Amino acid sequence: MKRIVVLVSGGGTNLQALIDAEKCGSIKSGSITCVISSKEGAYALERAKNAGIPSRVVSRKNYDSSDSYTNALLEILTEEKADLIVLAGFMTILGEKLIKTFENRIINVHPSLIPAFCGEGFYGLHVHEYALSRGVKISGATVHFVNEIADGGPIIMQQPVAVLDNDTPETLQKRIMEQAEWKILPKVAELFCADKIKVENGRTYILE
Ligand code: GAR
């Protein structure tokens, strides 16, 4: 059984999707053992508590440098014996040392079809504002491995979602969460825990 540590910063609906998937057995090769929030008071912490999952807050503002923040996270993740780290709406950039230590063991869910609307500055509702201002007809979500380039790691799974004429950033965000993020994130977590994802030359392959 793989140990899954979920990193959050906000509402935690993706965390909830993972919790529900574990509860109903669609995640069966791993278990969420810890939730780490970068923000005190994040609703995601309530979700962890309600599910009986231990949680900790590691806030960037309590550390004087990016390096000391990275070291603190690294220490906890090592202590937790994390096999898989899931960034589920985690809004703080991870240091290179951590990314290297957990190479191809950190996944992130991003609310667009990468390489559209991704990279620095593209997070949360902003992603959907950009998508609407560009007038795309299709958006969606991507789950990818994390490397040192923001949203630049190997893509594992994508799910397209239609953009409607009367969409606002909020309605588009909600539809992408419901139809894409909450579905593909738990799927990828299970595939990873069942050792079914192979990475080769920057591409991933799902093993049958
Ligand atoms: C989600 O839409 C997630 O894809 C996005 O933030 C939201 C978090 O919601 N992440 C990013 O933009 C990362 N670049 P949640 O806290 O309810 O899961």
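Quick note, the sequence shown lines up with residues 47 to 254 if you use our numbering.
By construction, the Cβ of each residue, glycine as well, lies at the ideal position given by its N, Cα and C atoms.
Please read all numbers here as calculations on a predicted model, not as lab measurements.
Our two residues, D197 and E121, have alpha carbons roughly 24 Å apart in a direct line. Taking C-beta separations shorter than 6 Å and ignoring five residues to either side along the sequence, the partners of A240 in its chain run S75, following chain order.
Spanning the alpha carbons of T59 and L123 requires a straight line of approximately 22 Å.
Annotation for H190 indicates a beta carbon at 7 Å or more from all heavy atoms of ligand 1. By the CB criterion at 8 Å, L119 and V104 fall inside the cutoff. A residue is called buried once 16 or more other Cβ atoms fall within 10 Å of its Cβ, and L210, having fewer, is exposed. One thing to note: S112 has its Cβ no nearer than 8 Å to the Cβ of G135. Using a Cβ distance threshold of 8 Å, V234 and V173 do not count as a contacting pair.
Excluding five sequence positions before and after P157, the CB atoms of its chain that fall closer than 6 Å to its own CB belong to V173, A187, I222, given in chain order. Assigned with DSSP and collapsed to three states, I139 falls in coil, not helix or strand.
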